[in-house]
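Numbering (our numbering), first residue to last: 9 to 782. From the three backbone atoms N, C-alpha and C, an ideal C-beta is built for every residue, glycine too. Step one of this worksheet: look at the structure below.
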């Protein structure tokens with residue numbers, strides 16, 4: 009059996025290249041250029057030799073059997089049909105005697121069959137990529153996306169249109185065919201099967217990357233003494249056939265890729281830094297000048313350094329802030345960039361830009377950063393003009409809420425959870441947030457040992473809604489409420505899991521069921537806003553007693569997020585680490601409201617109506633209430649499933665418990681109500697109603713009981729002051745208090761009602777009697 013080797017073939021015969029052509033060197037010396045005009049053929053270059061470099065084959069490598077060769081009658085071009093000749097070095101098999109012990113073939117070896125030629129890939133010297141030799145599909149080698157051709161590029165047939173190839177019938181006949189029929193012996197008709205036609209069916213190749221060849225394969229079946237009645241092995245040989253076509257037009261094709269590397273964790277500051285690397289590549293045959301790359305960095309990313317002086321930062325009005333003029337979340341632009349054409353011998357078709365960043369708030373890192381190439385005209389492939397880098401940081405999972413609480417205990421020797429000045433009494437929660445942040449910042453400067461394990465930062469929960477029955481209210485009947493504070497947490501952890509929020513409240517605290525909060529240094533339970541609180545705990549909130557509260561982050565209302573200005577606190581800027589940031593000395597993280605005399609304007613008078621009926625459920629029950637006019641409001645879980653109080657004054661607020669159930673607080677127009685409590689689980693419930701008597705004093709009614717899924721209990725709630733058949737009454741009584749939501753003419757009535765309740769000193773309880781409908 010002959011050994012198969014690999015060698016390089018020209019279009020007609022085997023040829024050994026002794027001189028290795030370095031096409032890249034020809035480019036560098038200016039001796040080889042891409043044709044400047046479209047629709048011109050590529051230069052005439054020989055196939056590069058097949059070589060083994062570092063254990064890998066490079067060049068025009070082919071599978072060749074030394075007993076076989078193949079030739080083509082010309083070049084593939086539009087409408088061409090080439091004669092492909094299979095040329096075995098062994099003679100044709102004349103006879104096989106199958107009864108002898110050696111099973112002799114004559115001659116031996118000989119070819120007993122011919123295989124049909126096949127067309128494989130195309131070989132290309134890519135002049136757009138420095139003259140590299142590549143193999144690819146012939147369709148990709150011939151055409152760009154503008155050519156539509158759905159058929160097969162090549163057809164392989166013999167002269168009469170049938171399949172090429174053939175084989176002698178030595179299974180039946182000694183001579184491969186009947187000896188008594190003229191021309192029927194294999195030695196007579198076999199030679200004709202060595203020739204075959206391959207026609208080219210496609211349009212003229214119009215987008216060649218350089219000199220191009222089609223790989224064709226021919227084969228025969230070889231028999232020799234010892235083989236039975238069929239060939240013992242197959243021999244195949246590949247060779248290249250040149251293509252006649254035109255070079256593709258020179259084009260612009262820029263691409264950008266981005267990646268994150270060198271992510272490091274600073275154990276001292278518990279901060280994270282990373283390097284974002286941009287790779288700009290010109291895949292086109294034309295150079296590109298004066299383009300730019302832009303990106304909007306996340307609001308918690310601070311740029312420490314950029315490797316390219318052509319990159320700078322812009323503000324929201326697109327004004328330049330200089331090379332590193334922004335603190336966090338910059339709009340980054342690199343302009344005046346240029347790249348040489350693809351394959352540039354000096355490597356000027358690729359450029360790298362490194363951006364060193366620091367994360368100032370790990371928990372709120374939205375790590376998707378998009379980079380975009382801009383300012384390029386006629387880019388042939390814009391799909392790679394943008395790229396997204398995913399900047400991800402794995403937070404420390406070892407810390408717990410209990411760890412934070414223990415670390416906070418150490419602060420009590422220096423921080424008393426009180427306002428810093430009596431001038432802050434009767435102020436709003438945003439004033440208290442800044443006072444807390446300033447006190448902690450100053451304490452961190454004086455006593456860094458107390459903060460060796462703690463970070464802190466401002467948060468706002470202005471994303472939760474109070475539902476109303478009035479669709480004329482903005483946001484489809486939802487009033488946006490908000491509360492703010494300072495979250496303190498174990499460094500390097502997710503403060504949403506380990507954080508405690510220190511916050512101050514006006515006359516009402518939005519931390520409902522706040523029995524897990526601490527007021528000042530009092531024990532747990534010192535601040536309760538549920539209707540069941542003890543009389544001794546009725547207070548004016550922080551604006552009355554001047555003490556701050558501590559609430560586990562998970563119990564803080566809404567979905568708290570970082571408060572502006574960004575970059576302050578958390579893993580970012582404090583007064584004692586200004587030198588770690590570019591432009592850090594220009595950022596004002598403290599004293600933004602505390603020292604501002606205009607804070608008095610933040611306290612507004614709020615009209616509070618007293619003609620309301622307030623219903624409160626505590627799980628596991630849903631509520632269905634119908635007034636005298638038949639209007640119904642009904643809850644299910646966290647949703648209002650029926651609301652017939654269109655244009656009426658209805659305010660509703662769900663509260664999620666740890667077990668996934670919900671309680672509801674609903675403020676309705678003053679009326680008589682039939683109320684159904686519908687069990688949605690097993691266990692005890694509490695139902696409280698609040699009405700107002702003729703003097704405007706609140707009357708509390710409370711009942712407790714056991715329920716089960718589907719169990720319905722009925723209650724009747726009476727109208728004390730002014731029953732109205734349409735479910736709406738006009739009220740004139742009002743009071744005033746601090747507002748935390750809305751503008752002066754868009755006050756949240758629910759928060760105002762609850763604020764009033766915290767001021768009332770007289771209330772009564774009576775047990776509601778369930779009744780049965782007749």
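Given residue i as reference, the closest of the options once Cα atoms are compared
i           : options            : result
residue 379 : 252, 338, 260      : 338
residue 512 : 495, 84, 233       : 495
residue 428 : 725, 317, 550      : 550
residue 292 : 260, 199, 236      : 260
residue 173 : 199, 122, 587, 296 : 122
residue 662 : 686, 631, 677, 635 : 631
residue 388 : 294, 304, 410      : 294
residue 78  : 223, 318, 48       : 223
residue 708 : 623, 650, 94       : 623
residue 176 : 170, 374, 197      : 197
residue 102 : 231, 595, 162, 402 : 231
residue 49  : 315, 317, 257      : 257
residue 625 : 719, 673, 415, 302 : 673
residue 246 : 450, 76, 664, 240  : 76
Exposure of residue i, with buried meaning 16 or more beta-carbon neighbours within 10 Å
i           : result
residue 696 : buried
residue 641 : buried
residue 248 : buried
residue 189 : exposed
residue 385 : exposed
residue 677 : buried
residue 417 : exposed
residue 688 : buried
residue 452 : buried
residue 627 : buried
residue 664 : exposed
Proximity below 8 Å, CB of residue i to CB of residue j
i           : j           : result
residue 67  : residue 141 : yes
residue 365 : residue 441 : no
residue 289 : residue 270 : no
residue 422 : residue 458 : yes
residue 670 : residue 692 : no
residue 382 : residue 299 : yes
residue 621 : residue 679 : yes
residue 698 : residue 723 : no
residue 51  : residue 250 : no
residue 359 : residue 340 : no
residue 1   : residue 80  : No information on residue 1 is available, as it lies outside the stretch 9 to 782 that the chain covers here.
residue 128 : residue 336 : no
residue 675 : residue 567 : no
residue 329 : residue 321 : yes
residue 579 : residue 369 : yes
residue 119 : residue 228 : yes
residue 280 : residue 401 : yes
residue 403 : residue 268 : no
Pairwise C-alpha distance: residue j and residue i
i           : j           : result
residue 629 : residue 721 : 10 Å
residue 153 : residue 125 : 29 Å
residue 309 : residue 376 : 11 Å
residue 182 : residue 204 : 27 Å
residue 143 : residue 114 : 41 Å
residue 83  : residue 253 : 10 Å
residue 208 : residue 363 : 52 Å
residue 712 : residue 466 : 40 Å
residue 286 : residue 356 : 15 Å
residue 686 : residue 668 : 17 Å
residue 506 : residue 636 : 49 Å
residue 409 : residue 361 : 41 Å
residue 552 : residue 438 : 16 Å
residue 305 : residue 164 : 58 Å
residue 510 : residue 443 : 11 Å
residue 502 : residue 700 : 45 Å
residue 73  : residue 221 : 20 Å
residue 347 : residue 354 : 11 Å
residue 714 : residue 694 : 9 Å
residue 464 : residue 571 : 12 Å
The ligand MN heavy atom lying under 7 Å from the CB of residue i
i           : result
residue 181 : Questions concerning the ligand MN fall outside what the structure shown contains, since it holds no ligand whatsoever.
Contiguous beta strand (DSSP E) assignments of at least 3 residues, all confined to the segment 242 to 279: 262 to 274
Runs of beta strand (DSSP E) wholly within the segment 281 to 355 (minimum 3 residues, chain order): 296 to 304, 309 to 314, 319 to 322, 328 to 330, 339 to 347
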